[in-house]
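Inspection log for the structure reproduced underneath, given as structure tokens.
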Ligand SMILES: N[C@@H](CCC(=O)N[C@@H](CS)C(=O)NCC(=O)O)C(=O)O
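As structure tokens, then:
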């Protein structure tokens, strides 16, 4: 059975929601932060981060790769479209979530990786929060008139939802980004999202 390694509320939540949407049996492994940096886990994921997906003898890391793998393994879900350009759109927004939104967020959550100076940390967090608001505005615009980021439900949506949960926790100033707010409400009402949140002890 597939196994997903996670920290509650962290980026594996996106893959967890996708596993719920797929609806086949799977296992999850709750990790403690210090376990991520110890040899048994580093053998699976040398970055010492979650998610890691283990599918039989196949070990896969990196959120974007895991999300695409899950979707392509389960084409009946339609989470990765058949059409070449529609698939490219999904990858565009997956890249935006992973390499722009998520990576920039890491400057807030992981500020201690970058500097020990408390004043610089504070400045970095303030500047990054402002940049995050600009980046979220790009997705807010994309969501105009749409329920899902690319028009149809895809692996992008649970990733964006996960990032929005962090934005809420860090009180980023995105309350006036109405399309994003509506998207968040829709996702919260989704049964798969609710099941993943419950399983991670977040509801
Ligand atoms: N590029 C990686 C980033 C993974 C990542 O940053 N994971 C975070 C949680 S969202 C983590 O495990 N952080 C713990 C740490 O770095 O110590 C991915 O997309 O999977």
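In this note's numbering, the protein residues as written are 1427 to 1629. Glycine included, each C-beta is placed from N, C-alpha and C at the ideal position.
At a cut-off of 7 Å, would you count residue i as near ligand 3, judging by its Cβ distance to the nearest heavy atom?
i	result
residue 1488	Inclusion of ligand 3 in the displayed structure is not the case, the ligand content consisting of ligand 1 alone.
Hey, is residue i close to ligand 1, as in C-beta under 7 Å from one of its heavy atoms?
i	result
residue 1442	no
residue 1462	yes
residue 1436	yes
residue 1485	no
residue 1465	no
residue 1477	yes
residue 1379	Only positions 1427 to 1629 of the chain appear in the structure, and residue 1379 is not among them; the question remains open.
residue 1605	no
residue 1532	yes
residue 1521	no
residue 1482	no
residue 1474	yes
residue 1536	yes
residue 1612	no
residue 1524	yes
From the DSSP output, read off the bridge partner residues of residue i.
i	result
residue 1481	1484
residue 1454	1430
Let me make sure I understand the geometry here. Which of the options has the alpha-carbon closest to that of residue i?
i	options	result
residue 1449	1457, 1428, 1465 and 1467	1428
residue 1566	1601, 1530 and 1452	1601
residue 1591	1435, 1430 and 1431	1435
residue 1474	1461, 1482, 1484 and 1609	1461
residue 1594	1497, 1531, 1549 and 1570	1531
residue 1482	1459, 1504, 1458 and 1452	1452
Can you have a look at residue i and say buried or exposed, based on whether 16 or more other CB atoms are within 10 angstroms of its CB?
i	result
residue 1603	buried
residue 1629	exposed
residue 1562	buried
residue 1545	exposed
Stretch-stretch touch, CB-based, cutoff 8 Å, three pairs: the stretch 1611-1623 with the stretch 1442-1461: yes
contact_flag[the stretch 1497-1517, the stretch 1464-1471] where n(CB pairs < 8 Å) is 3 or more: no
Meets three-Cβ-pair contact criterion under 8 Å: the stretch 1541-1555 and the stretch 1572-1579: no
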